[in-house]
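A.B. asks: Here it is: the structure, laid out below.
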Amino acid sequence: METITQREFRNNSAAVMTAVEAGQSFVITRNGVEVAEVRPVSRRRRLTTAELIERHKRLPKIDYAEMRAEADEFFGENRLGDSDPWERK
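Taking our numbering, the leading residue of the sequence shown gets 9, the next gets one more, and so forth.
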């Protein structure tokens with residue numbers, strides 16, 4: 009990582025930005041003190057269609073009937089009971 013002064017950055021900003029686009033990073037100093045770091049933004053690579061399909065194939069299979077039965081067993085058929093929670097008393 010190259011260190012440059014604020015003045016160098018101001019006077020050569022186009023060249024610095026071109027270097028950053030090419031992958032180079034800079035530390036900018038003011039009065040000898042590091043104040044900023046300029047580096048390329050890391051870009052996330054998008055998945056290809058084939059990669060997405062392959063990942064989908066590796067997902068666990070879900071038995072929705074079994075999942076519903078487990079939810080009904082855990083929560084019960086009537087979780088709220090007979091009382092109306094909105095009824096004024």
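Cβ coordinates follow ideal geometry from the N, Cα and C atoms, glycine included.
Looking only at its own chain, which residues have a Cβ that is under 8 Å from the Cβ of S33, when we skip the five neighbours before and after it?
C.D. replies: Here the set comprises M9, E10, E45, V46, R47, P48.
A.B. asks: Report the partner residues of V46 according to the DSSP bridge assignment.
C.D. replies: According to DSSP, which records beta bridges pairwise, V46 is partnered with F34.
A.B. asks: Is the beta carbon of I36 less than 8 Å from the beta carbon of V43?
C.D. replies: It is a contact, given that the beta carbons lie within the stated cut-off.
A.B. asks: Whose CA, out of A23, A22, E59, lies closest to the CA of L67?
C.D. replies: Looking at the Cα atoms, E59 is the closest of the given residues.
A.B. asks: In three-state terms, what does DSSP make of I70?
C.D. replies: Looking at I70 - three-state DSSP - the assignment turns out to be coil, as it is neither helix nor strand.
A.B. asks: Can you check DSSP and say which residues form a bridge with E10?
C.D. replies: F34.
A.B. asks: Could you give the distance in angstroms between the alpha-carbon of T56 and the alpha-carbon of S50?
C.D. replies: For T56 and S50, the distance between alpha carbons rounds to 19 Å.
A.B. asks: Determine the burial state of V41: buried for a count of at least 16 other Cβ atoms within 10 Å of its Cβ, exposed for fewer.
C.D. replies: Exposed: under 16 other Cβ atoms inside 10 Å.
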